[in-house]
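Residue numbers (this note's numbering): 97 to 253.
Every residue gets a Cβ at the ideal spot worked out from N, C-alpha and C, and that includes glycine.
No experiment lies behind these values; they were computed from the predicted model shown.
Take a look at the structure:
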């Protein structure tokens, strides 16, 4: 006769351990879902950032308005590079709006003059440019002083 080993009856600890392993293995696929903190950048926060950038706010101002930290914002930019392009577009929006206002008001003579002095400085500019790369001799220095006094007198009239 061969010696047959008797099967031992499992202990309570072993049964408990096997039950725990079974539970953990059954939960394994779901273990990594919704773990950690909630995302700080929600669609509402993105909308608030867009509003701030569309009025010309800096990154610091936009983050204060949206109630997030700058590091959170830069993490969001790193993960969403398309928002970086959107931010650049939104920052230019007030400049475009100002240009449209100026162009719409060109029927006003003062606005038209101002526009020409800014856009066509050589032809309509009222300031004289001085090239200071070369040293001025006494004759040129005296002539420059005369021109400055003439310009001051014109402004005072």
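Membership of residue 160 in the alpha helix (DSSP H) is indicated by the continuous run 155-162. Cα atoms of residue 148 and residue 185: separation of roughly 12 Å, rounded to the nearest angstrom. Ranked by how close their Cα comes to the Cα of residue 189, the residues 152, 116 and 251 have 152 in first place.
With a threshold of 16 other beta carbon atoms within 10 Å, residue 111 falls short and is exposed.
Rounded to whole angstroms, the separation of the alpha carbons of residue 117 and residue 168 is 38 Å. When DSSP states are grouped into helix, strand and coil, residue 142 belongs to the helix group.
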